Amino acid sequence: MTIEIANTKVIDQYIRQDRMPHIWCPGCGIGTVLHALIRSLVKGGYDMDKVAMVSGIGCTARAAGYVKMDSFHTTHGRALPFATGLKLANPDLKVILFSGDGDLVSIGGNHFIHAARRNMDITVICVNNFNYGMTGGQMGPTTPTGARTSTSRSGNYEPSFSIPALAAASGAVYVARWTCLHLRQLENSISEALTRKGFSLVEAISPCPTVYGRLNKQPTGLDQMKYYQTASSVENGADPMKVGIELNGKITCGKFVDIERPSYLEMAGFDKETR
Amino acid sequence: MTIEIANTKVIDQYIRQDRMPHIWCPGCGIGTVLHALIRSLVKGGYDMDKVAMVSGIGCTARAAGYVKMDSFHTTHGRALPFATGLKLANPDLKVILFSGDGDLVSIGGNHFIHAARRNMDITVICVNNFNYGMTGGQMGPTTPTGARTSTSRSGNYEPSFSIPALAAASGAVYVARWTCLHLRQLENSISEALTRKGFSLVEAISPCPTVYGRLNKQPTGLDQMKYYQTASSVENGADPMKVGIELNGKITCGKFVDIERPSYLEMAGFDKETR
Amino acid sequence: MESQVVLGGFGGQGIILAGFILGQASAIYDHQSATFTQDYGPEARGGACRAQVVISDGTISYPYVQNPTAMAVMSQEAFTKYTPELARVKNPILIIDEDLVKPANYTAKYYKIAATRIAREMGRPNIANIVMLGFLIGVTGVASAESVKQSIRDAVPKGTEELNMRAFEQGYSQGIEAIKAN
Amino acid sequence: MESQVVLGGFGGQGIILAGFILGQASAIYDHQSATFTQDYGPEARGGACRAQVVISDGTISYPYVQNPTAMAVMSQEAFTKYTPELARVKNPILIIDEDLVKPANYTAKYYKIAATRIAREMGRPNIANIVMLGFLIGVTGVASAESVKQSIRDAVPKGTEELNMRAFEQGYSQGIEAIKAN
Amino acid sequence: MSNNGHLSGSFYFNGDIACAEGAISAGCRFFAGYPITPATEIAERMSERLPEIGGVYIQMEDELASMAAILGAAWGGKKSMTSTSGPGFSLMMENLGLGYMTETPCVVVNVQRAGPSTGLPTLVAQADMMQARWGAHGCYSAIALCPSSPQEMYDYTIKAFNLSEKYRVPVLLMADEAVGHMSEKVTITPPEKLKLVTRRKPTVSPDKFNPYQPDADLVPPMANAGEGYGFHVTGLTHDERGYPVMTPQAQEKLVRRLVDKIDKNRDDIIEVEEWDTDDAEVVVVSYGISARIVRYAVELARKEGIKAGMLKLITVWPFAESTIKRLAPRLKSFIVVEINAGQIVLEVERCAAGQTKTVLLPGMGGAVHHPDVILEAIRKAAK
Amino acid sequence: MSNNGHLSGSFYFNGDIACAEGAISAGCRFFAGYPITPATEIAERMSERLPEIGGVYIQMEDELASMAAILGAAWGGKKSMTSTSGPGFSLMMENLGLGYMTETPCVVVNVQRAGPSTGLPTLVAQADMMQARWGAHGCYSAIALCPSSPQEMYDYTIKAFNLSEKYRVPVLLMADEAVGHMSEKVTITPPEKLKLVTRRKPTVSPDKFNPYQPDADLVPPMANAGEGYGFHVTGLTHDERGYPVMTPQAQEKLVRRLVDKIDKNRDDIIEVEEWDTDDAEVVVVSYGISARIVRYAVELARKEGIKAGMLKLITVWPFAESTIKRLAPRLKSFIVVEINAGQIVLEVERCAAGQTKTVLLPGMGGAVHHPDVILEAIRKAAK
Amino acid sequence: MNYWRKPLDRDKVKPGDFEVHILKDRCKGCRFCIDFCPRQVLRDSDDLNTKGYRPAAADPAKQCINCGFCVIVCPEFAVSVAMRLEKEPNV
Amino acid sequence: MNYWRKPLDRDKVKPGDFEVHILKDRCKGCRFCIDFCPRQVLRDSDDLNTKGYRPAAADPAKQCINCGFCVIVCPEFAVSVAMRLEKEPNV
Ligand SMILES: Cc1ncc(C[n+]2csc(CCOP(=O)(O)OP(=O)(O)O)c2C)c(N)n1
Ligand SMILES: Cc1ncc(C[n+]2csc(CCOP(=O)(O)OP(=O)(O)O)c2C)c(N)n1
Ligand code: SF4
Ligand code: SF4
Ligand code: SF4
Ligand code: SF4
Ligand code: SF4
Ligand code: SF4
Ligand SMILES: [Mg+2]
Ligand SMILES: [Mg+2]
């Protein structure tokens, strides 16, 4: 007797098959990160009817259109306040924000620090590809100093943000970073983040060969993945203020913050009775 | 032979006499902070023709209308990007931002973290009165948890930002905090901040008796000043992540950050020749 | 019948609250139409401010005071700014806080009360507005004293009702007397 | 005289660049009027994309291709999507990349070249667009070869000019031959 | 207070508080806002009232966030509202557009003050009326209501919620500082007499549900998040499944419908009040606080024997085109009274189509018109 | 390249790049922006070009910041510009309003794409035209130009800077995706032939200088920061000294002037192009990319012997009211072609005042009109 | 999910029972699966798919150990590993 | 500024030469200067100013040491300290 089990059957169940193939470029890591999120959700046994994904605008943000669940593809930078409204209107929902780096900390930076401050009960997955992919690869606040982009052809001279530092300083209770190569760890971190009350953030460093890698001597996704392989090191508990990423420099991965403090829902005294 | 020297002659020279009295309430500390700033400028020997003050909207922001120099009272939260444009268009100007806490880190939070990240050559004086004074005293991101305001009548349940923490995490090179009682230190800190290249921030904790103090058992400016007197302690070099202020709790004052890193103008290679 | 009442003073004196109380008294307890509007500047304290109450037994289209039938002023600035409007009306009633306002060049008849002083003597300078309101009601009768008292009870912070009642009574009785003296 | 040229393929093949080069050659070096427009989707790579070049010795009001006089397609999707438009025109010139397009049900005459294969053989798969452009010019003569070569030199990254010249020549000569064979 | 949080009886409220109470009566249970004069009192009231009745008040970091939050809350199943004034309204435009595109029911209150920019924060204007129609990029149709009294602040807020739920569209309550800060008696509608509309729910099972498939009235039924429909919502142009489709055809279909669902239902949506228009030779058109002043001036004119009438626009948008067209041929003149440099007058003039004169009485803001000015204009127009 | 950074000769540019080069020719030396399709290429070009010529390019964190930054830079003495598309334009409204209120010269480019909301980011529309006029709160008058080709992108950008410096007002270049992304030959004006306008400077000493005291043309001379004038600038209503004054009188004076300085100078500002209107029975009104298509359709109609003409609006705002009024009485019909649900048609219809019909050919966006549709409408209207 | 971690009754299962499936037309040829497979099971196909990409394909000569990495790394959700469980008849 | 820090030739200056001036109509009566003066030089006035505030006033009986705090703490820019320098004729 022979039984066949096809693994991808699992992911296929949670993806809108009728929208495949997705728009992401060959070698782009967004699909990989999305896959990790879905595995975490499935493994966590979440009722998908009670999970909602919110995103802004960008290549990463397109993910909301590919998952089979209530999903909201909103405006650039405003996904977090939208998600805040959604969560507070129906606290039974598990609300996940799937966001690009530009969406989250460039135009969306204010909402990011305030949602973290409030310890709003939302899990954020940020695909950081060091640039604005969707609009053709301009520099942004996560672009490493020195990197070439379509608006910094002779090298970006701005200092860059470390997203974990910003999240931690603003009050996030869970902060982790992995690359698109650290898939088991990424999945685990997302699983952990999903269980935390309050504001949790998982950053996934991801290739964007088409517009970022191309100008920075890593023209394929594979080049970027190999860079992650050689340049990354795992340092759980590292000080989030010290995990900045320089151009083609070291990538410190790991879980940086995992603390407890009352979440917004708890502080606001939400309970089933008064709702 | 008798010579009379009247001290206030000095301040009067830099204040628009024809706009006195100002609109601030009895016991409000904004005038006190503004006075400290002007003393620092005078002491520093700055050419007032080359100093510009930019503010947003709020009680604090009204300061721009009272100083005798090029001054810009812009829109709520957008003073920093306005100041950025002004500074980059004419780097010879010493650009000072005079801002309320709401202006700076509520609606203006994104510009704040990005200006700090860029290490933009601007000195920020933030009058923190723990609420939105101008609109009648609503809670905001600096309102201590538990404080009563007109939109948190039974006590604010949101955690609050510590402005020095946010500034430091975002990249400011100079960060200090004083209250309206620490006037010599405040003046010194402002003087230091003015000389630093890049993004410097001096926070001045200030009474707002009319709308904040009144609801929080400190109905006069004097009550609030006395609270500062008893509750404040000076800890130069304190970790900015650990100087949060709780309701009627300890106020850690001092210079928290004073580091060097290339300012925006330096990174961007500004020099007189190419301008 | 339409009464048009103006209360003037500076921010922080409770002028606005007094106007609100009067409007509420008329609308809710006297069952009249009553609009209450206010003018204030950007200052939270200080600066001239004004409350306008229009009371009518019909409907009120125009909710502002055009021809003030009564005016109470509690600051010199308010006196200077608002009293010229009284010229438009026949026999308007003007009331001043005598310690705060010098009615220079005002030739018509007016009433005066030391509302602020009285309030201070009662230990709460910030109830001068209620003293003044009482006086105004006593002099003009634009609303019934009972209604105004009920309205005060609704509007003032819990625990201060009695104090406010006394303040009102003080002003009111002086007002009645002033009228009698007239 | 107006030529209306369409280049179709998928994102990443350099279709847009080829169209730009042709437009620039006509406008700047052939001194014609020439508009170049493009259609593309949200994808940075993949997805059908199209370049339209209208070349005229007069002025061009309508800057889009209405009746394509020549079309080069480099993907099956583009073939399916765009070739029906050829039906509007008498004797249009269709060119396909023979390895990427199967011209099923296309009954009229067409030209073919293995542009992508040739490019790969030259060691740079991403110059297939220039090979195709050369072939198009060879077959249609919508712009002069010299002008196109100059335009290529302006448009391609420094250091790749010679490679691109060779790619152009390859395509061009095959185009001339194809015409002769006709 | 009744158990659903509804007050009962009559109160002396200013317009802002009346608005907050109207929202509560309408079933609003989510408010996100940011303080701004002269709308702050709405937020303040909501911050006290909502937690008492199981609703949510959240003060956001700015107006961009407030607008986004109420959209999210609407999809979370709550009736939601925000309130602001000019500067904040300007900041809401992008996400208001998202509301139009995603057909999200919600109410946005703008208590207008004088602009442009910071202008006169504490003084009246009606100068955001065109912004209410055109302030966001792209094509859409808008609904905007203008109250003239605290009672109307209460009533029209309920109306606004009803329209927003019925047509799945953000509805704008375009109040003004004068009405917002004026106090007057407000009678709360008893719960049993309230006519509340709630979004139409899907009637098919999740696998058959197309979230953007409209019913005959061009409005699609709406599922809330968490109800098992697993739908996708996007600000991109989308088809009936809610999937992005990047074609002019999809755009034509979707956006045409967004415009038409308001325009074709205009008879149901538009409300006006006419006084003495039957025999009028001059009709004064106005809305909001101005309508009150105009009413007074028209009464004075009638007393002088002038055949003056008045048209008060309750719904300023969509514009009461047919009313203007009906009245125009019989009139000597329209007079439009608004506290701006001339906004709704453009629509009046357009619809009058040369059949009668259109005279504007503008005001840059800071004060309502003096009735004498209006009366004088009526006299002149009636000659 | 000449020494002031000006290219020379002819180039094959798309409209976006032509716009950037126009700005450089006009003397723009400060650009703040945020990427957005289909305007990104303007920013990209500026990021390369400005540093070469001693200018400043800065990419801000969002469009709110970009708009604020160019205002700041203008006061710092630089000619400044930003570029965006619908979503970013919506975000700029509040600070654009500050620009109007403080009379700050600068240029804002909107390369329009199809909305509302995210819509069709890569496809054409002309649906932000009313937003350009009314998108910010409060009363003001706006100047907006619409280019129809890359060459006009270059030329009109220069024109925009000139108007903005002359009238101390933010000027809007309302381009569209079709023109922005279309490439065509662009001839750079030689520096010696360029007519550049620069803000009028104070002629009095600092102690006598009132920063908001207008000259006869209603425009006040402008001092830059750092020049020793020690002036105050505020978004509040202010007097001629620039001091806040919170009265209806100050408001009336200031805002009236802000409106009038555009409206009363409209003859100097407004530019249109008319073709074959002299004997026309049908005039097609359009702007931007549509004007090109219309031109083609009108030529076809003329070939058929139809007396068709065309009015192209170069300045859409202020609106060419007098031209419409002049043409209306002689026509069978106006036809308005625009890629939106009907915006400028409202103004045409208003000004036509019933003297002739006004027919709209709308388009929700994503594509330009097919010339046949226009031709057909002309045929019908001419009957 | 994560079936590869299921404690398999190893001795009852014959090695070599894993088969890698790639949805050829979904693959965009990024080569992530090829380069990071610990057993070099995957390689380039010889021809292009309908989108013009060169998809990955399993080399039948190589032994997949079902580590699952190719499945989770693939950005296109194109890879699956199938397992033939040949159970003992009497179990 | 900060003249009070000027190294004064103390022995050449008579003590008691400092006079505190308060612009009465600018004062809003916050009492900062009164409460924080190290020498209790300042006190409430007896009457109100034109704005209705009770301004601070110097008590002539008290000795100001020109520490300057009242000047810098006053939010109204209302306070100044004047100094009579009686120099020796031959300096
Ligand atoms: C208000 C607004 N401004 C700009 C844009 C254009 N835009 C779309 S996506 C994007 C950046 C996306 O970057 P990121 O969030 O890092 O996502 P990625 O594409 O890199 O995954 C920008 C600037 C927009 N859609 N809306
Ligand atoms: C866009 C916008 N939103 C809201 C406001 C209303 N507003 C004016 S000042 C202010 C808050 C001021 O608080 P803060 O900056 O702390 O200054 P303070 O008055 O306390 O000195 C607000 C919300 C505004 N002017 N503009
Ligand atoms: S542009 Fe970059 S981020 Fe966007 S899909 Fe392509 S590779 Fe991914
Ligand atoms: S309200 Fe508060 S911050 Fe504003 S002037 Fe008064 S005391 Fe100062
Ligand atoms: S499951 Fe592991 S061993 Fe098998 S093909 Fe995939 S990567 Fe290679
Ligand atoms: S990882 Fe996926 S897309 Fe990449 S080569 Fe392998 S199968 Fe193809
Ligand atoms: S200067 Fe010092 S000692 Fe003199 S009055 Fe002022 S605070 Fe008192
Ligand atoms: S500090 Fe200034 S305002 Fe306060 S009491 Fe003294 S003099 Fe008056
Ligand atoms: Mg990114
Ligand atoms: Mg504050």
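Quick note, the sequences are listed as chains U, L, E, W, P, F, S and C, same order. When you number the first sequence by our numbering, it's gap-free, plus one each residue, and the end is 313. When you number the second sequence by our numbering, it's gap-free, plus one each residue, and the end is 313. When you number the third sequence by our numbering, it's gap-free, plus one each residue, and the end is 461. When you number the fourth sequence by our numbering, it's gap-free, plus one each residue, and the end is 461. When you number the fifth sequence by our numbering, it's gap-free, plus one each residue, and the end is 427. When you number the sixth sequence by our numbering, it's gap-free, plus one each residue, and the end is 427. When you number the seventh sequence by our numbering, it's gap-free, plus one each residue, and the end is 92. When you number the eighth sequence by our numbering, it's gap-free, plus one each residue, and the end is 92. Cβ coordinates follow ideal geometry from the N, Cα and C atoms, glycine included. This structure is a prediction, so every number in the text was calculated from the model and none was measured.
DSSP three-state assignment for residue i, whether helix, strand or coil
| i | result |
| --- | --- |
| residue 442 of chain P | The question about residue 442 of chain P has no answer here: the residues shown for chain P are numbered 45 through 427. |
| residue 444 of chain E | helix |
| residue 439 of chain W | coil |
| residue 303 of chain F | helix |
| residue 192 of chain U | coil |
| residue 296 of chain L | strand |
| residue 400 of chain P | coil |
| residue 291 of chain L | strand |
| residue 167 of chain U | coil |
Presumed contact (8 Å Cβ cut-off) between residue i and residue j, rounded CB distance
| i | j | result |
| --- | --- | --- |
| residue 375 of chain W | residue 358 of chain W | 7 Å |
| residue 83 of chain F | residue 224 of chain F | 7 Å |
| residue 311 of chain W | residue 328 of chain W | Not a contact, Cβ separation roughly 24 Å. |
Run of the beta strand (DSSP E) containing residue i, from where it starts to where it stops
| i | result |
| --- | --- |
| residue 260 of chain U | Note, residue 260 of chain U: premise wrong, no beta strand (DSSP E); alpha helix (DSSP H) at 259-269. |
| residue 361 of chain W | Taken as a continuous stretch (DSSP letters only), residue 361 of chain W belongs to no beta strand (DSSP E), being part of the alpha helix (DSSP H) at 355-361. |
| residue 138 of chain U | 132-138 |
Extent of the continuous alpha helix (DSSP H) to which residue i belongs
| i | result |
| --- | --- |
| residue 208 of chain F | 194-211 |
| residue 165 of chain F | No alpha helix (DSSP H) holds residue 165 of chain F; the beta strand (DSSP E) holding it covers 164-168. |
| residue 78 of chain U | 68-81 |
| residue 369 of chain P | 365-371 |
Got a sec: which bits of the region 224-247 of chain L sit with their beta carbon under 8 Å from any beta carbon on chain C, in order along the chain? 225
With 7 Å as the limit, tell me which residues of the region 48-68 of chain L have their beta carbon closer than that to any beta carbon of chain E; keep them in chain order. 61, 63 and 64
Of the residues that make up the region 324-356 of chain W, which ones have a beta carbon closer than 9 Å to any beta carbon in chain U? 324, 325 and 326
Select from the region 27-40 of chain C all residues with a C-beta closer than 8 Å to any C-beta belonging to chain L, and list them in chain order. 27, 29, 30, 31, 32, 33, 36 and 37
If you measure beta-carbon to beta-carbon, which residues of the region 281-310 of chain W are closer than 8 Å to chain F? 299, 302, 303, 306 and 307
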